[in-house]
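Novice: Just dropping this structure here.
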Amino acid sequence: MLNSRSLPALALTLLVAACGGGGSGGSPAVATAPPATTPAPEGNIVTSVPPPTYAAGSGSLSIFNAINALRSKIGSGLLAQSLLLDKSTGAHWSYINQNGISELHGETAGKPGYTGVRAADRIAAAGYAASVSGEAIYSTVGTDKYATCVAEWANSVYHAALLFASTIDIGIAANNFNPVEGASTLCAVEVATSTTQSAQLPGAGSIRAYPYANQADVPFVFFNRTETPTPVPDLVEAGTPVTVSFETRGMALTAPIAISQFSLTPAGGAAVDARILVNKGGKLGPVITTNGPALTDDANMQGFTATLVPVLRLKPGTAYTVALMAMVDGKAVNKSWTFTTAAQ
Numbered sequence: 037m038l039n040s041r042s043l044p045a046l047a048l049t050l051l052v053a054a055c056g057g058g059g060s061g062g063s064p065a066v067a068t069a070p071p072a073t074t075p076a077p078e079g080n081i082v083t084s085v086p087p088p089t090y091a092a093g094s095g096s097l098s099i100f101n102a103i104n105a106l107r108s109k110i111g112s113g114l115l116a117q118s119l120l121l122d123k124s125t126g127a128h129w130s131y132i133n134q135n136g137i138s139e140l141h142g143e144t145a146g147k148p149g150y151t152g153v154r155a156a157d158r159i160a161a162a163g164y165a166a167s168v169s170g171e172a173i174y175s176t177v178g179t180d181k182y183a184t185c186v187a188e189w190a191n192s193v194y195h196a197a198l199l200f201a202s203t204i205d206i207g208i209a210a211n212n213f214n215p216v217e218g219a220s221t222l223c224a225v226e227v228a229t230s231t232t233q234s235a236q237l238p239g240a241g242s243i244r245a246y247p248y249a250n251q252a253d254v255p256f257v258f259f260n261r262t263e264t265p266t267p268v269p270d271l272v273e274a275g276t277p278v279t280v281s282f283e284t285r286g287m288a289l290t291a292p293i294a295i296s297q298f299s300l301t302p303a304g305g306a307a308v309d310a311r312i313l314v315n316k317g318g319k320l321g322p323v324i325t326t327n328g329p330a331l332t333d334d335a336n337m338q339g340f341t342a343t344l345v346p347v348l349r350l351k352p353g354t355a356y357t358v359a360l361m362a363m364v365d366g367k368a369v370n371k372s373w374t375f376t377t378a379a380q
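This is the structure we're talking about:
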């Protein structure tokens, strides 16, 4: 496992328009006619994007391909390169390179390379009008470790939001750098949806997850204290987190999500001891409640999502089955899938 510097949290500011259930107008139906229903919204997942202009063999191209490959397998849709987000992300990468990694997400006015305090400020300064935006940054000791950046974002609690975000565009700056702390690889991405775009989401009844069904070589350990803020801070290390997103297009925000089962079981064994993290409050999505398993309220979690964090590292080279049962948007969900951890 590569050593890494602290992993700052992915901060996605999600602006969700509330929508209620549909109804029909006009004359009432006669008694023999079936009741009128509102069709479930179809998904609008992006399945193709223009080829990016990142240089062949560059860190930015590696990150672009890796993120979109994962999002495609999960069912979240592809992200398109935005030159304006590239400009914003590149400026912040340069700021960190000049000033060190102590200000990974923030910037201080007056320091070399300053373009804005927050990611949203920097995105606006680059000329991108965002309704939704977010940022993820990872620094790994050594050079040319771009694959590690994406793998660590995926094998996390908060950074995994990058894989489920309903955003449309992405900007990337990934390269070797040499600040006062020493040579490293710094990967920075910004994702956003502009004020003229619509969020991309799957259709009603869809559940997205990471690790995804039949995934192989899944990491078996999560060094949770390298992620900041630190999820389940009482643990020194944990098993690989399993994240599910319940969010779909046209989903009502008024109906709570009620989880009755969310478990992880190795082949031939018993369900692992785990914490289930959710944002219960309903500020970023529907209220999330339980009909069985204990839920830990975590304000750093994105709305519509739940993450199962095993309290011990998983077994290497082992098939694990996830079982999920819940009431979502007024409908019962009962799904299971299997993934296999990497060899020792």
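FYI, our numbering numbers position 272 of the sequence shown as 308, with every residue one higher than the one before it. Positions of the beta carbon are idealized from the N, C-alpha and C atoms, including for glycine. Given the structure is predicted, the values throughout are model-derived calculations rather than measurements.
#1: How is Asp157 classed by DSSP in three states: helix, strand or coil?
#2: Going by DSSP, what residue range makes up the beta strand (DSSP E) through Lys371?
#3: Have a look at the DSSP bridge pairing and note the partners of Asp333.
#4: Sort Asn260, His141, Val347 by Cα distance to Ala190 and report the nearest one.
#5: Apply the 10 Å Cβ neighbour rule to Leu119 and answer buried if 16 or more other Cβ atoms are within range, or exposed otherwise.
#6: For a quick check, are the C-beta atoms of Val257 and Gly275 less than 8 Å apart?
#7: With DSSP as the reference, please indicate the residues paired to Ala224 in a beta bridge.
#8: Could you please give the first and the last residue of the uninterrupted alpha helix (DSSP H) stretch that includes Ala105?
#9: Can you name the residues that DSSP bridges to Glu78?
#10: For Tyr246, write down the residues that DSSP places opposite it in a beta bridge.
#11: Compute the Euclidean distance between the alpha carbons of Ser202 and Thr176, then round it to the nearest angstrom.
#12: Using 8 Å as the cut-off, can you tell me whether the segment 227 to 235 makes contact with the segment 291 to 306, which would need three or more C-beta pairs spanning the two stretches below that distance?
#13: Tell me whether Gln236 is buried or exposed, calling it buried when 16 or more other Cβ atoms sit within 10 Å of its Cβ.
#14: What is the rounded straight-line gap between the Cα of Leu114 and the Cα of Val268?
Specialist: So, from the listed chains and residues:
#1: helix
#2: 367 to 376
#3: Val314
#4: Asn260
#5: exposed
#6: yes
#7: Ile173, Ala209
#8: 95 to 110
#9: Answer is none; Glu78 lacks a bridge partner.
#10: Thr279
#11: 27 Å
#12: no
#13: buried
#14: 31 Å
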